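Residue numbers for the sequence shown follow the numbering used here, beginning at 57 and rising by one. From the three backbone atoms N, C-alpha and C, an ideal C-beta is built for every residue, glycine too. Just so we're clear, the structure is a prediction, and the values are computed from it rather than from any experiment. Input: a single structure, listed below in C-alpha cells.
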Amino acid sequence: RFHGGNNAGHTVIVDNNTYKLHLIPSGIVYGKPISIIGNGVV
Numbered sequence: 057r058f059h060g061g062n063n064a065g066h067t068v069i070v071d072n073n074t075y076k077l078h079l080i081p082s083g084i085v086y087g088k089p090i091s092i093i094g095n096g097v098v
C-alpha cells in the first residue's frame, strides 16, 4: 500500500535541531518512549 505523494514527509525541530523525515515516524527523534520499527515495513 502506498499513501502520500513523492514529497510526503515531516520536518521536526527538537532542541534547535531540524530533522527532515520521509520514511520513519517523527516520534523517533525523542528518547522516550523507545521507537521500534519491525521488519517487513515498507
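Expressed to the nearest angstrom, what Euclidean distance is found between the alpha-carbon atoms of residue i and residue j?
i	j	result
ASN95	LEU79	14 Å
GLY87	VAL97	21 Å
LYS76	GLY83	12 Å
ASN73	VAL85	10 Å
ILE92	PRO81	10 Å
Would you list the one or two residues that DSSP bridges to residue i?
i	result
ASN73	VAL70
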